[in-house]
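In what follows, a structure is listed as structure tokens, so that the remarks can point back to it.
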Amino acid sequence: MSFNLVETKLYINDEEFTSHEIIEVVGKGVNGIVYRGRNINLDREEAIKIWNAFNPTDKRDKVRQGLNEALKLAKVNGKFSVQIYSANIHQSHVVATMEYINGVTLKKFLKDNSPTNIIYILYQYLEAIQETSHGETFHGDAHWENVLIYENKEDKYETYFEIKLCDFGTSFFSGKSYSHNRHWKIVGETILNSTKELKNYNTCVNQLNEWLNSQKDIQQEMMSGGKQYFPSLFIAPYRDFLELIAFENNVSLH
Numbered sequence: 073m074s075f076n077l078v079e080t081k082l083y084i085n086d087e088e089f090t091s092h093e094i095i096e097v098v099g100k101g102v103n104g105i106v107y108r109g110r111n112i113n114l115d116r117e118e119a120i121k122i123w124n125a126f127n128p129t130d131k132r133d134k135v136r137q138g139l140n141e142a143l144k145l146a147k148v149n150g151k152f153s154v155q156i157y158s159a160n161i162h163q164s165h166v167v168a169t170m171e172y173i174n175g176v177t178l179k180k181f182l183k184d185n186s187p188t189n190i191i192y193i194l195y196q197y198l199e200a201i202q203e204t205s206h207g208e209t210f211h212g213d214a215h216w217e218n219v220l221i222y223e224n225k226e227d228k229y230e231t232y233f234e235i236k237l238c239d240f241g242t243s244f245f246s247g248k249s250y251s252h253n254r255h256w257k258i259v260g261e262t263i264l265n266s267t268k269e270l271k272n273y274n275t276c277v278n279q280l281n282e283w284l285n286s287q288k289d290i291q292q293e294m295m296s297g298g299k300q301y302f303p304s305l306f307i308a309p310y311r312d313f314l315e316l317i318a319f320e321n322n323v324s325l326h
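Counting from 1 along the sequence shown, just add 72 to a position and that's the residue number in our numbering.
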């Protein structure tokens, strides 16, 4: 399978993708490639994702994977995730058009911002995780490069940072239980990786581990299907952790 750009035209297996003019490649990973383009009919910038196995050892059905990921994205809260506009099969590839976010990844955001902004955006991250995590639907791969930060200008005086989750994973190939565990593991790692340069990090992590251990049994029972599923239970220790690390870094939460 081949993807070729000729000026602003995208060709998939030598067939032109005619609905969009391509501006640039904005990302490429093991599951596919993402372009920034202009929807010709709507005169609107959009992201175009095409699923493809760039890793030769990846034998997963990329059509099935792409359709499952697109379906998941269509079900989640659009306030906290990129909105999907369409998903179609073009030349044996799933091609999805989505909301284009002009921002940076959480990983890059951390390098240039104060403890106040970092803690503020991590609170939003946990809110986004809670609002997009349900019994059958959850992100599954919400690490710091799948979190986009952008500026929302309320007026000429006020600018706020907001987030959108992107690149939702699928549990189709690995199974729901494994994907569920991985989802929460990545959420925890993202919070910890994003705060490790802040003051008194180790002390706060020790307290977090106590909170996590106190909830371990009920979390395991919940994930095995023994109790009603409450994402807030998984998130609560990390919210408490952010409150503690905010206090240690003299960051006001109000």
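Even glycine gets a Cβ: it sits at the ideal position worked out from N, Cα and C.
By the beta-carbon neighbour count (other beta carbons within 10 angstroms, threshold 16), ASN322 is exposed.
The beta carbon of GLU203 sits closer than 6 Å to the beta carbons of ASN149, PHE152 from its chain, once the five residues preceding and following it are set aside; these are given in chain order. The C-alpha of TRP283 is placed about 15 Å away from the C-alpha of ILE263. Following the DSSP letters along the chain, one finds ARG116 inside the beta strand (DSSP E) bounded by residues 116-123. For THR204, there is no enclosing alpha helix (DSSP H), since its DSSP letter is neither H nor E.
Around the Cβ of ASN124, a 10 Å sphere holds 16 or more other Cβ atoms; the residue is buried. Residue environment for VAL78: exposed (fewer than 16 other C-beta atoms within 10 angstroms of its C-beta). In the structure shown, ALA200 falls within a helical segment according to DSSP collapsed to helix, strand and coil. Annotated three-state conformation of ILE173 is coil, per DSSP. Within a 10 Å sphere around the beta-carbon of THR129 sit fewer than 16 other beta-carbons, which makes this residue exposed. For LYS147, the enclosing alpha helix (DSSP H) stretches over residues 134-147.
Under DSSP, the beta-bridge partners assigned to ASN76 are TYR83. For secondary structure counted as the alpha helix (DSSP H) over 4 or more consecutive residues, the stretch 251-322 holds these complete runs in sequence order: 273-295, 303-320. The stretch 266-284 and the stretch 206-213 do not touch, with fewer than 3 CB-CB distances between them shorter than 8 Å. Under the three-pair Cβ rule at 8 Å, the stretch 226-236 does not count as touching the stretch 106-119. The stretch 127-146 and the stretch 158-169 touch, with three or more beta-carbon pairs separated by less than 8 Å.
Cβ-Cβ separation between GLU88 and THR80: approximately 11 Å, too far for a contact (criterion under 8 Å). About 12 Å separates the Cβ atoms of LEU237 and GLY175, ruling out a contact at the 8 Å cut-off.
A Cβ-Cβ distance of about 7 Å is found for the pair SER251 and GLY241, placing them in contact under the 8 Å criterion.
In terms of Cβ geometry, ARG108 and GLU96 form a close pair [threshold 7 Å]. Counting other Cβ atoms within 10 Å of its Cβ, TYR197 reaches 16 or more and is therefore classed as buried. If you look at PHE181, you'll find it in the alpha helix (DSSP H) that goes 178-181.
ASN103 sits in coil when the DSSP states are folded into three classes, being neither helix nor strand. Excluding its 5 nearest sequence neighbours in each direction, TYR172 has C-beta neighbours in its own chain below 7 Å: ARG108, GLU117, GLU118, ALA119, listed in chain order.
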